[in-house]
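Chemist:
Numbering (the numbering used here), first residue to last: 1 to 504.
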């Protein structure tokens, strides 16, 4: 259809061979316009009015880098440390619990290679170095810094004090070290980090001393430049283009402060009411004021004694009008909201499972353990893999550290074995594992790896156990015994499970 001079030409040709002309129907045009207006929609959250303008006054359109500028990150870190590490036992316990759940006693290296002897020797050498450097403790500290400060740096260092052939050490540095005191911030240099034109870090500039040290700014000196290959910058990326991390507990900091203020207010109200044993007052106009009694005067009296009052005067006590009976409900509601930003169930955040049953306890921990597994994978990719590569780069020059027969080290296949999450009912979990094993859906190797054990070491230990028990005539664990235990477990329903099912 062709439009010419406000006239619509029909594709139908007339007698002269030209398209027929026809005027648009005004009624049709009006109906189309009304239909468009009827279909027009809007977001309620995008409306600004007198009721919500104050709530949305702080909303901005800043980029990820500008929103987390050095001044904002420094303020968030200082407030997080004040609240979560120094003054709030709930916050401190939540962060430490998360570090213990994620890292635990630390991961173990599992080499997958046909040459088992060489693989085991490499695993033992690396495990020995991990213990001498205290890598598990440093990983837990990294998690606490990640949650409380938003980021942490790990730098390679040479430590002659390590009692190991490989004297490589990992030095953790707080986010305050990597900064630029001049405040320079460009596309290729942002708060101590140098970037290439594509936005990838190429070097880090660390201050000689912590900006919060008492030495003073004159002692800082020139920053130390470290290439990016020797630095691990561990932080969570919440927005595309984000270069630095912010504390995970940032959304919960106002709630932590509110919880402490509410606790102090309830306590002070109770103390104020308890400090006054009684109040003398007169509620009638016929009572003449006593000239010997001064207003707001205090009178001490002995315990277990009776007190006489002037005619017309009465004795009363102050009452705490604050809702002390609902204090725990309000505090628990705040803790539940606070723990959500850390993916932590309420009973872990509060350290109290009295209100939980068997089913709810397991259900709440499912999402938490999924988060723990994801964070462990981040540790492997961003932390452990690079540390293992650093160790190989140092150990390859030391005789006996890298066994022969492993082939190219860049193609080495390995995994990290983590401590398994403890089941709330180990007997029930064992019965489920036996059922999967009998059905051929679970192998011995998979089971051992899920529990954080080395399958080869398990078989060696099992072989020694069978030989020793056979030598002394002790009964041997067998398939029939495990099958009977599984059948008994699956057909038995305990009182605890019945109560849990009823509650659920």
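Where is the CB? At the ideal position from N, CA and C, for every residue including glycine. As the structure is a prediction and not an experimental result, all values here were calculated from the model.
For residue 509, which residues from the same chain have a beta carbon less than 7 Å from its beta carbon, with the 5 sequence-adjacent residues on both sides left out?
Modeler: Here the chain covers residues 1 to 504 and nothing more, so residue 509 does not appear.
Chemist: Taking 6 Å as the limit between beta carbons, can you name the residues of its chain near residue 282, skipping five residues before and five after?
Modeler: Numbered from its first residue, the chain shown carries residue 282 at position 282. Closer than 6 Å at the Cβ level, and outside the excluded window around residue 282, lie 312 and 313.
Chemist: Is DSSP giving residue 131 helix, strand or coil here?
Modeler: Indexing the chain shown from 1 puts residue 131 at position 131. Residue 131: helix per DSSP, three-state reduction.
Chemist: Quick check on residue 492: does DSSP put it in helix, strand or coil?
Modeler: As a position in the chain shown, residue 492 is number 492, starting the count at 1. With a pLDDT of 48 at residue 492, under the threshold of 50, the predicted position of this residue should be treated as unreliable, though the coordinate-derived value follows. Residue 492: coil per DSSP, three-state reduction.
Chemist: Can you give me the Cβ contacts of residue 278 inside the same chain, cut-off strictly under 6 Å, excluding the 5 residues immediately before and after it?
Modeler: Translated into the one-based positions of the chain shown, residue 278 becomes position 278. Counting only Cβ-Cβ distances below 6 Å, and skipping sequence neighbours, we find 315 and 317.
Chemist: Under 8 Å, do residue 152 and residue 98 count as touching if we go by C-beta distance?
Modeler: Here residue 152 refers to the residue found at position 152 of the chain shown. Here residue 98 refers to the residue found at position 98 of the chain shown. No, these two residues do not count as a Cβ contact at 8 Å.
Chemist: With a cut-off of 8 Å on the beta carbons, I'd call residue 523 and residue 423 a contact; round off their distance for me.
Modeler: Since the first residue of the chain shown is 1 and the last is 504, residue 523 is not available in this structure.
Chemist: Quickly, what does DSSP pair residue 70 with across the bridge? List them, please.
Modeler: Here residue 70 refers to the residue found at position 70 when the chain shown is read from its first residue. DSSP output for residue 70 lists no bridge partner at all.
Chemist: Residue 434 by DSSP, collapsed to three states: which one?
Modeler: Residue numbering aside, residue 434 sits at position 434 when the chain shown is read from its first letter. It is helical.
Chemist: Give a yes or no on whether the C-beta atoms belonging to residue 404 and residue 395 are separated by under 8 Å.
Modeler: In the chain shown, residue 404 corresponds to position 404, counting from 1. In the chain shown, residue 395 corresponds to position 395, counting from 1. No.
Chemist: Spell out a yes or no on whether the region 182–192 and the region 79–93 are touching, meaning 3 or more CB-CB pairs, one atom from each, closer than 8 Å.
Modeler: In short, these stretches do not touch, since the Cβ pair count stays below three.
Chemist: Which residues bound the alpha helix (DSSP H) around residue 96?
Modeler: One-based indexing of the chain shown puts residue 96 at position 96. Where residue 96 is concerned, the enclosing alpha helix (DSSP H) stretches over 89–103.
Chemist: Using a Cβ-Cβ cutoff of less than 8 Å, which residues in the same chain neighbour residue 127 once the five nearest sequence positions on both sides are dropped?
Modeler: The residue you call residue 127 lines up with position 127 of the chain shown. So the qualifying residues of the chain are 108 and 109.
Chemist: Does the distance from the CB of residue 508 to the CB of residue 231 come in under 8 Å?
Modeler: The requested residue 508 does not occur in the structure, where the chain is confined to residues 1 to 504.
Chemist: Applying the criterion that 16 or more other CB atoms from any shown protein chain within 10 Å of the CB defines a buried residue, is residue 467 buried or exposed?
Modeler: What you label residue 467 is simply residue 467 of the chain shown in a count that begins at 1. Flag for residue 467 reads exposed.
Chemist: From what residue to what residue does the alpha helix (DSSP H) around residue 347 run?
Modeler: For this step, residue 347 is matched to residue 347 along the chain shown. That run of the alpha helix (DSSP H) goes 346–350.
Chemist: Do residue 398 and residue 119 come within 8 Å of each other at the CB atom, strictly closer than that value?
Modeler: In the chain shown, counting from the first residue as 1, residue 119 sits at position 119. In the chain shown, counting from the first residue as 1, residue 398 sits at position 398. No, Cβ-Cβ distance for residue 119 and residue 398 is not below 8 Å.
Chemist: Could you pull the DSSP bridge partners for residue 416 from this structure?
Modeler: Start at 1 with the first residue of the chain shown, and residue 416 comes out as number 416. In the DSSP output, where bridge partners are listed per residue, residue 416 has 109.
Chemist: Distance, Cα to Cα, residue 352 vs residue 59?
Modeler: Start at 1 with the first residue of the chain shown, and residue 352 comes out as number 352. Start at 1 with the first residue of the chain shown, and residue 59 comes out as number 59. Using only the alpha carbons, I get a separation of about 37 Å.
Chemist: Considering only residues of the same chain and omitting the five flanking positions on each side of residue 480, which have a CB-CB separation below 8 Å?
Modeler: Here the question's residue 480 lines up with position 480 in the chain shown. Residue placement at residue 480 is poorly supported in this model, since its pLDDT is 47, which falls under 50; the coordinates are not used for a value here.
Chemist: Between the Cα of residue 90 and the Cα atoms of 44, 344, 247 and 425, which residue gives the shortest distance?
Modeler: Counted from its first residue, the chain shown places residue 90 at position 90. The shortest C-alpha separation from residue 90 is found at 344.
Chemist: Between residue 250 and residue 76, which are expected to be in contact by the criterion C-beta below 8 Å, what is the C-beta distance as a whole number of angstroms?
Modeler: Your numbering for residue 250 matches position 250 in the chain shown. Your numbering for residue 76 matches position 76 in the chain shown. With 8 Å as the limit, residue 250 and residue 76 qualify as a contact, their Cβ atoms being about 5 Å apart.
Chemist: Quick check: does the Cβ of residue 424 come within less than 7 Å of any heavy atom belonging to the ligand COA?
Modeler: For the ligand COA, the structure offers nothing, since it holds no ligand at all.
Chemist: Could you tell me the alpha carbon to alpha carbon distance between residue 175 and residue 149, rounded to whole angstroms?
Modeler: For this step, residue 175 is matched to residue 175 along the chain shown. For this step, residue 149 is matched to residue 149 along the chain shown. Looking at the two C-alpha atoms, the distance is approximately 7 Å.
Chemist: Looking only at its chain, what residues have a beta carbon closer than 6 Å to the beta carbon of residue 104, apart from the 5 residues adjacent to it on each side?
Modeler: Along the chain shown, one-based indexing puts residue 104 at 104. Closer than 6 Å at Cβ, skipping near neighbours: 419.
Chemist: Please return the same chain residues whose Cβ sits closer than 7 Å to the Cβ of residue 259, not counting the five positions on each side in sequence.
Modeler: Your numbering for residue 259 matches position 259 in the chain shown. Only 331 and 334 meet the Cβ criterion.
Chemist: Can residue 70 and residue 188 be called in contact, C-beta distance under 8 Å?
Modeler: Start at 1 with the first residue of the chain shown, and residue 70 comes out as number 70. Start at 1 with the first residue of the chain shown, and residue 188 comes out as number 188. Result no, Cβ atoms of residue 70 and residue 188 do not sit closer than 8 Å.
Chemist: DSSP three-state call for residue 53: helix, strand or coil?
Modeler: Numbered from 1 along the chain shown, position 53 holds the residue referred to as residue 53. Of the three classes helix, strand and coil, the one that applies to residue 53 here is coil, per DSSP.
Chemist: DSSP state of residue 42, grouped into three classes?
Modeler: The sequence position of residue 42 within the chain shown is 42, counting from 1. Looking at residue 42 - three-state DSSP - the assignment turns out to be coil, as it is neither helix nor strand.
Chemist: What is the rounded straight-line gap between the Cα of residue 34 and the Cα of residue 43?
Modeler: In the chain shown, residue 34 corresponds to position 34, counting from 1. In the chain shown, residue 43 corresponds to position 43, counting from 1. Roughly 20 Å between the two C-alpha positions.
Chemist: Looking at the unbroken alpha helix (DSSP H) that takes in residue 338, where does it start and where does it end?
Modeler: Stepping through the chain shown from its first residue, residue 338 is reached at position 338. Start and end: 327–340.
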